[in-house]
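In our numbering, the protein residues as written are 5 to 376. All C-beta atoms, glycine included, are put in the ideal place defined by N, C-alpha and C. No experiment lies behind these values; they were computed from the predicted model shown.
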Amino acid sequence: MFFPFISFLFAVLLKNDYLCMKFCKILFFMRVFQNVADLGDLKQALSEAFEIKANRYKYQELGKNKTAMLIFFNNSLRTRLSTQKAAMNLGMNVIVLDVNQGAWKLETERGVIMEGDKSEHLLEAIPVMGSYCDIIGVRSFARFESRSDDYEEKILNQFIKYSGKPVFFMESATVHPLQAFADLITIEEYKNCTHVEPNPLFGGVAIDRVPNKRPKVVLSWAPHPKALPQAVPNSFAEWMNAADVDFVITHPEGYELDPKFAGNAQVEYDQMKAFEGADFIYAKNWSCPGVTRPNDYGKVLGDYHDYSAWTVGERQMAVTNKAFFMHCLPVRRNMIVTDDVIEAPTSLVIPEAANREISATVVLKRMLEAIK
Ligand code: AN0
Ligand code: CP
Numbered sequence: 005m006f007f008p009f010i011s012f013l014f015a016v017l018l019k020n021d022y023l024c025m026k027f028c029k030i031l032f033f034m035r036v037f038q039n040v041a042d043l044g045d046l047k048q049a050l051s052e053a054f055e056i057k058a059n060r061y062k063y064q065e066l067g068k069n070k071t072a073m074l075i076f077f078n079n080s081l082r083t084r085l086s087t088q089k090a091a092m093n094l095g096m097n098v099i100v101l102d103v104n105q106g107a108w109k110l111e112t113e114r115g116v117i118m119e120g121d122k123s124e125h126l127l128e129a130i131p132v133m134g135s136y137c138d139i140i141g142v143r144s145f146a147r148f149e150s151r152s153d154d155y156e157e158k159i160l161n162q163f164i165k166y167s168g169k170p171v172f173f174m175e176s177a178t179v180h181p182l183q184a185f186a187d188l189i190t191i192e193e194y195k196n197c198t199h200v201e202p203n204p205l206f207g208g209v210a211i212d213r214v215p216n217k218r219p220k221v222v223l224s225w226a227p228h229p230k231a232l233p234q235a236v237p238n239s240f241a242e243w244m245n246a247a248d249v250d251f252v253i254t255h256p257e258g259y260e261l262d263p264k265f266a267g268n269a270q271v272e273y274d275q276m277k278a279f280e281g282a283d284f285i286y287a288k289n290w291s292c293p294g295v296t297r298p299n300d301y302g303k304v305l306g307d308y309h310d311y312s313a314w315t316v317g318e319r320q321m322a323v324t325n326k327a328f329f330m331h332c333l334p335v336r337r338n339m340i341v342t343d344d345v346i347e348a349p350t351s352l353v354i355p356e357a358a359n360r361e362i363s364a365t366v367v368l369k370r371m372l373e374a375i376k
């Protein structure tokens, strides 16, 4: 940032408009989409989201002859499809690469004698990929081998450093900002909702409700048989702390999220107490973040069967303010949430997933504006 800042000052002194604009864009426009702060004013970002939702092809010309490259080190359904659709909304070309299917196996550590099964180093692969596109999205989950490697975002930071292109995070070791932005859009759409129609897929009866003036949003841990990353709850917490909501996190002891994301959010260890009067329940499993139990980073604590009372069901939903149910998907039914709750008229999982197209379109639009 230092070099562009000095260059910007020089350009101002020289009264060179072209250079001023160039360095201004480098300084102030979106080059990386990782955290809530990268979006700037949230109200503005939300109004852009609703503008795009009303006419998702409005910026078709912006991406003409520009290429988005989507790199997946891990599986995906929603991120892959919604981001591809978002790029198409903006008139972009899209290249999708599943690194583990067809590309060379990549070494990520410097200094390794590459005599094993890895044929190529990330330090060559990244600039090569960067040379074929204008914007790069990367999905690379936490590896749970080293907490510091994960929390320092070792892989994504190499893309930022060596690709030469704007980089957006499609779930990294610690964050999933496209999901959190879609979640915020969904909450904004439903927070004043007083009448809920039967579920379009599963029926049920219509519901009338009186929303709280300031929506109460609860992030609830739920059990899962395998160790999952903290990226989704980290970003959700970060974004809810920045939004105009009352935010509560509930989980069993040992699952405390990193304060970098959880901030001063209220933590309530009693799930039933946390759910009281809530307008939105956001369920998610995550493995031990290693905050209060550093040696257990990335682990499932104890036997998950012993936590079955945390599965979100009618019992917990009954104490809420006829809350909407949210989950980023994919979800394991009757592990995270019961069939009845996910199929209820108040379940938002499908509109929430649909909003992934909208959050991705806003982010790609912002990045295209930065490189124009
Ligand atoms: C991933 C996770 O929990 O981070 C992706 C969620 C969007 N989920 C699984 O691996 C099942
Ligand atoms: N919610 C989400 O990111 O889903 P995928 O893992 O299918 O992309």
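Confirm the yes/no value for this check: CB of residue i, any heavy atom of ligand 2, distance under 8 Å.
i           : result
residue 175 : yes
residue 337 : no
residue 3   : Since the first and last residues shown for the chain are 5 and 376, residue 3 lies out of range.
residue 238 : no
residue 79  : yes
residue 180 : yes
Which of the three DSSP states, helix, strand or coil, is assigned to residue i?
i           : result
residue 40  : helix
residue 203 : strand
residue 211 : strand
residue 147 : coil
residue 29  : Because residue 29 carries a pLDDT of 49, less than 50, the predicted location of this residue cannot be relied on, and no value is offered for it.
residue 82  : helix
residue 87  : helix
residue 166 : helix
residue 64  : coil
residue 134 : helix
residue 286 : strand
residue 98  : strand
residue 113 : coil
residue 333 : coil
Less than 8 Å between the CB atoms is what I'm expecting for residue i and residue j, so what's the real figure, rounded?
i           : j           : result
residue 278 : residue 315 : Not confirmed; about 15 Å, so no contact.
residue 413 : residue 351 : Nothing can be reported for residue 413: it is not among the residues displayed for the chain, which extend from 5 to 376.
residue 240 : residue 223 : 6 Å
residue 34  : residue 374 : 5 Å
residue 330 : residue 190 : 7 Å
residue 332 : residue 200 : With 8 Å as the limit, residue 332 and residue 200 do not qualify as a contact, their Cβ atoms being about 21 Å apart.
residue 280 : residue 323 : 5 Å
residue 147 : residue 80  : That pair is no contact at about 17 Å.
residue 367 : residue 163 : Going by Cβ atoms, the distance from residue 367 to residue 163 rounds to 16 Å, so no, they are not a contact pair.
residue 82  : residue 76  : Contact doesn't hold; Cβ gap of about 12 Å is too wide.
residue 269 : residue 325 : Not really, about 19 Å apart at Cβ, beyond 8 Å.
Using only the heavy atoms of ligand 1, determine whether one of them is closer than 8 Å to the beta carbon of residue i.
i           : result
residue 334 : yes
residue 38  : no
residue 82  : yes
residue 359 : no
residue 290 : yes
residue 145 : yes
For residue i, I'd like the list of residues in its chain whose CB is within less than 6 Å of its CB, leaving aside the five on either flank, ordered along the chain.
i           : result
residue 125 : 111
residue 98  : 72, 88, 91
residue 234 : 290, 293
residue 225 : 255, 259
residue 221 : 244, 249, 251, 284
By Cβ distance below 7 Å, which residues in the same chain neighbour residue i in space, the five residues on each side in sequence not counted?
i           : result
residue 95  : 64, 65, 66, 67, 68
residue 364 : 86, 87, 90, 182
residue 29  : Model confidence at residue 29 stands at a pLDDT of 49, short of 50, so the residue's coordinates are unreliable; what they give is reported in the following sentence. The residues are 374.
residue 194 : 328, 352
residue 129 : 110
Leaving aside the five residues before and after residue i along the sequence, list all residues of the same chain whose C-beta is less than 8 Å from its C-beta, in chain order.
i           : result
residue 62  : 55, 56
residue 228 : 289, 304, 308, 336, 339, 340
residue 295 : 260, 261, 262, 263
residue 103 : 75, 76, 77, 110
Taking 8 Å as the cut-off, is the beta-carbon of residue i closer than that to any non-hydrogen atom of ligand 3?
i           : result
residue 233 : Ligand 3 is not part of the structure shown, which contains ligand 1 and ligand 2 as its ligands.
Quick one: is residue i near chain D, going by C-beta distance under 9 Å?
i           : result
residue 131 : The structure shown contains no chain D, having only a single protein chain.
>> For the structure I just gave you, are there three or more beta carbon pairs, one from the region 178 to 185 and one from the region 213 to 225, closer than 8 Å?
In response: no
>> For the pair the region 258 to 270 and the region 347 to 361, tell me if three or more CB-CB distances fall below 8 Å.
In response: no
> Can we say the region 167 to 179 touches the region 100 to 120, given the rule of at least three CB pairs closer than 8 Å?
Replying inline: Judged by Cβ distances under 8 Å, the region 167 to 179 makes no contact with the region 100 to 120, as fewer than three pairs qualify.
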